[in-house]
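Enquirer: Using our numbering, you'd call the opening residue of the sequence shown number 3 and step up by one each time.
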Amino acid sequence: MAKGLTSRKEDYSQWYNELVVKADLAEHSAVRGCMVIKPYGYAIWEKMQRVLDDMFKKTGHVNAYFPLFIPKSYLSKEAAHVEGFAKECAVVTHYRLKTAEDGKSVVVDPDAKLEEELIVRPTSETIIWNTYKNWIQSYRDLPILVNQWANVVRWEMRTRLFLRTAEFLWQEGHTAHATKNEAIEEAEKMLDVYAEFAQNYMAMPVIKGLKTENERFAGAEETYCIEALMQDGKALQAGTSHFLGQNFAKAFDVKFATKEGKQDYVWATSWGVSTRLMGALIMTHSDDNGLVLPPVLAPFQVVIVPIYKGEEQLNAINEVAFKLKEELESKGISVKYDNRDTHKPGWKFAEYELKGVPVRIAIGPRDLENNTIEIARRDTLEKEILHQDNLAVKVEHLLEQIQENLYQKALDFREENIHYADTYEEFKQILEEKGGFIYAHWDGTPETEEKIKEETKATIRCIPLDAKEEEGKCIYTGKPSKRRVIFAKAY
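#1: How about the segment 179 to 199 and the segment 217 to 227: do they share at least three Cβ pairs that are nearer than 8 Å?
#2: Name the residue from S15, R486 and P466 whose alpha carbon lies nearest to the alpha carbon of D234.
#3: Go through its chain and collect everything with a Cβ distance to G232's Cβ below 6 Å, but skip five positions before and after it.
#4: Starting from V122, follow the beta strand (DSSP E) in both directions and report where the run begins and ends.
#5: Using 8 Å as the Cβ pair cut-off and three pairs as the minimum, do the segment 87 to 105 and the segment 203 to 216 touch?
#6: Kindly indicate the opening and closing residues of the alpha helix (DSSP H) around K399.
#7: Can you tell me which of I440, S276, V148 and N341 puts its alpha carbon nearest to the alpha carbon of E313?
#8: Taking 8 Å as the limit between beta carbons, can you name the residues of its chain near A394, skipping five residues before and five after?
#9: Mind pulling the beta strand (DSSP E) runs of 3 or more residues that sit fully within the segment 214 to 269?
#10: Looking only at its chain, what residues have a beta carbon closer than 8 Å to the beta carbon of G348, apart from the 5 residues adjacent to it on each side?
#11: Alpha helix (DSSP H) containing W444: first to last residue?
#12: So, are the CB atoms of Y509 and K236 less than 7 Å apart?
#13: Using a 10 Å radius around the Cβ and a threshold of 16 neighbouring Cβ atoms, would you call T382 buried or exposed?
#14: In this structure, does DSSP put S483 in helix, strand or coil?
#15: Please look up how many angstroms separate the CB atoms of G43 and T167, rounded, as I've assumed it's under 8 Å.
#16: Please report the straight-line C-alpha distance between C464 and E418, rounded to a whole angstrom.
#17: Answer yes or no: do E355 and N291 have a C-beta to C-beta separation smaller than 7 Å?
#18: Only counting runs of 3 or more residues, tell me where the beta strand (DSSP E) segments fall wholly within the segment 350 to 390, in order along the chain.
#19: In the DSSP assignment, the beta strand (DSSP E) including T101 goes from what residue to what residue?
#20: Am I right that V275 and W172 are in contact with their C-beta atoms under 8 Å? What's the rounded C-beta distance?
#21: Classify S272 as buried or exposed, calling it buried when 16 or more other Cβ atoms lie within 10 Å of its own Cβ.
#22: Identify every residue that forms a DSSP beta bridge with G438.
#23: Just to confirm my understanding: we take D445, look at its own chain, exclude 5 residues before and 5 after, and list those with CB closer than 8 Å. What are they?
#24: With three or more beta-carbon pairs closer than 8 Å as the criterion, would you say the segment 433 to 441 touches the segment 238 to 251?
#25: Taking a contact to mean a Cβ-Cβ separation below 7 Å, would you say V322 touches K350 in this structure?
#26: Determine the contact status of F58 and N183, defining contact as a CB-CB distance below 7 Å.
#27: When the Cα atoms are used, what is the spatial distance from K191 to G211?
#28: Got a sec? Which residues, its chain only, sit under 8 Å from L77 by beta carbon, not counting five neighbours each side?
This is how it looks when you write it as structure tokens:
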């Protein structure tokens, strides 16, 4: 099945597009720019969702739901916010259809025009802060720690499955605080949650940093981010957490009585990750044979395939396989036993390799005689024959090894693709020949950042939170700089 995949070396973009479809993760829908997430792809997203939701709840957050439609006037209340999203908004203008004159088709009823247009949610700050105004009167009502799982619409012209679609799934946290410090602590805490999830579950190393003014979320005072490096040397923003200051509280007049009895505006944060993480997962680990999934996020971690001739052999293998399945599941390992008679074992091996199942177990007649199985790991494609005794424990350890190996492999790749540039010529050469993360000095001005972007298509991915002070000169203007920032071409 995987033989039809374009190799990463030949055309990385084409490899990605083919893999998403052939591995049964998603497909293009009849609606331009939108996707259908298929059951196998959605099963991975559900696992991500479950883990993140538990992490949010452990940090004191609760889930709520807010409307999909936002009155147009709400967006205009925060100037930077409306400017940032205006070009991506889908607008509802009418509320009814009617039968056309031909009696067959339908048309928009011109008499059903809305008094005020509604924006299909691109993000929820405005509708949520309009709601918070009714929830907050006193410091006793704070903090509010709310998360929403939802879909959003941003009218993208150039779309790509998971990475950039007109509609996508995400979570968005929206919190309200009594002090500036509390809000900053919240934004930083949630960034740490995202980094922990990326590294411990996705097996994807990330760099935590701050966005520049040009790259900040529209309406934020600071945007924190995690940045990951894909196998083609391009960066991918994997999550953001925003310190919103009092901007939205002022826009929607959300004040509270402090402990001292004074009136003050509430401090805010928002933070989110989306189905874009699916794209990150695919591009971080997968190979020319198909998907490679970290065991903790795989829909099923082990697949068992019987190899047999005739019903008698199948019955004998079934007995062993079901017992093994039960033992593995008792360890919390998710297992699929594929004893379909409609496909040959070789076809099944190729299918599960393409779908990235971490461990494959094959049981044949000889294994019944010798009390053995053949086990194959997806990350290295290595196979070995193991005795069936204590097999559940061995598989449990193997899954842990695969998880660790995927992270280490991705980390080694990232470290090999971190470069340092001290001149603009050197910077352009690295960008053209090697790609990856380039640490370079920048003079701190939006103008210089924009010129570099125009000339090279590279952007400042972040100012690393662990960046050390280092005297230097901006690669573009030669002006003084106190620390290096990370440049890269990005998705």
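Beta carbons are placed, not taken as given, at the ideal position from N, Cα and C, and that holds for glycine.
Expert: Concretely, from the data shown:
#1: yes
#2: Reading the sequence shown from its first residue, position 232 is the one you call residue 234. Taking only the C-alpha atoms, the option nearest D234 is S15.
#3: Along the sequence shown, read from residue 1 onward, the residue named residue 232 stands at position 230. Before going on, a small fix: residue 232 reads as Met here, not Gly. Excluding positions up to five away in sequence, the list reads L238 and M285.
#4: The residue you call residue 122 lines up with position 120 of the sequence shown. Segment K115 to V122, the beta strand (DSSP E) holding V122.
#5: no
#6: Translated into positions along the sequence shown, residue 399 becomes position 397. A small fix is needed here, since residue 399 is His in this sequence, not Lys. Element bounds for H399: L393 to E418.
#7: Here residue 313 is taken as the residue at index 311 of the sequence shown, counted from 1. The shortest C-alpha separation from E313 is found at N341.
#8: Mapped onto the sequence shown, residue 394 falls at position 392. So the list reads L326, E329, L330, S332, K333 and I335, once near-sequence residues are dropped.
#9: 224 to 231, 237 to 247, 257 to 259 and 265 to 267
#10: Within the sequence shown, the letter at position 346 stands for residue 348. Excluding positions up to five away in sequence, the list is empty.
#11: Taking the sequence shown and counting its residues from 1, the one referred to as residue 444 is at position 442. No alpha helix (DSSP H) holds W444; DSSP gives it neither H nor E.
#12: Because the chain spans 3 through 493 in this model, residue 509 falls outside it and cannot be assessed.
#13: The residue you call residue 382 lines up with position 380 of the sequence shown. Flag for T382 reads exposed.
#14: In the sequence shown, counting from the first residue as 1, residue 483 sits at position 481. Note: S483 maps to strand in three-state DSSP.
#15: Translated into the one-based positions of the sequence shown, residue 43 becomes position 41. Translated into the one-based positions of the sequence shown, residue 167 becomes position 165. Not really, about 13 Å apart at Cβ, beyond 8 Å.
#16: As a working mapping, residue 464 is identified with position 462 in the sequence shown. As a working mapping, residue 418 is identified with position 416 in the sequence shown. In a straight line, the C-alpha of C464 is about 19 Å away from that of E418.
#17: Here residue 355 refers to the residue found at position 353 of the sequence shown. Here residue 291 refers to the residue found at position 289 of the sequence shown. In this structure, N291 lies closer than 7 Å to E355 by Cβ.
#18: 361 to 365, 374 to 379 and 385 to 389
#19: Within the sequence shown, numbered from 1, the residue matching residue 101 stands at position 99. That run of the beta strand (DSSP E) goes L99 to T101.
#20: For the purposes of this step, residue 275 is identified with residue 273 of the sequence shown, where counting begins at 1. For the purposes of this step, residue 172 is identified with residue 170 of the sequence shown, where counting begins at 1. With a Cβ gap of about 6 Å, V275 and W172 count as contacting.
#21: In the sequence shown, the residue the question calls residue 272 occupies position 270. Answer is buried; the Cβ neighbour count reaches 16.
#22: The residue given as residue 438 occupies position 436 in the sequence shown. Bridge partners of G438: none, in fact.
#23: Start at 1 with the first residue of the sequence shown, and residue 445 comes out as number 443. C476, Y478, T479, K481, P482 and S483.
#24: no
#25: In the sequence shown, the residue the question calls residue 322 occupies position 320. In the sequence shown, the residue the question calls residue 350 occupies position 348. Cβ atoms of V322 and K350: not closer than 7 Å.
#26: Counting from 1 along the sequence shown, the entry for residue 58 is found at position 56. Counting from 1 along the sequence shown, the entry for residue 183 is found at position 181. No, the pair does not count as a contact, with Cβ atoms beyond the cut-off.
#27: Residue numbering aside, residue 191 sits at position 189 when the sequence shown is read from its first letter. Residue numbering aside, residue 211 sits at position 209 when the sequence shown is read from its first letter. One C-alpha to the other measures close to 13 Å.
#28: Mapped onto the sequence shown, residue 77 falls at position 75. The answer, listed in chain order, is H83, V84, F87, A88, C91, I121 and T128.
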